[in-house]
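Numbering (the working numbering), first residue to last: 3 to 58. We treat Cβ as the ideally placed atom computed from N, Cα and C, and that holds for glycine. First comes the structure, then the notes that go with it.
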């Protein structure tokens, strides 16, 4: 696990974009669909945590 101050927000946003793009290319039945969903969730959480920490 990362601490909020260790998160590179731009890198997390880039990962989010890549995961969203990958997910758009797949059907829900595809085996990789869940992998991309999990990547999106991780990236969103990283961005949220880093943003909250930056506001403090």
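When secondary structure is reduced to three states using DSSP, residue 34 falls in the coil class, being assigned neither helix nor strand. The alpha-carbon separation between residue 56 and residue 50 amounts to approximately 10 angstroms.
Here the C-alpha atom of residue 31 lies approximately 23 angstroms from the C-alpha atom of residue 46. In the three-state reduction of the DSSP assignment, residue 27 falls in the coil class. Separation of residue 3 and residue 40 (C-alpha to C-alpha, rounded to the nearest whole angstrom) is 16 angstroms.
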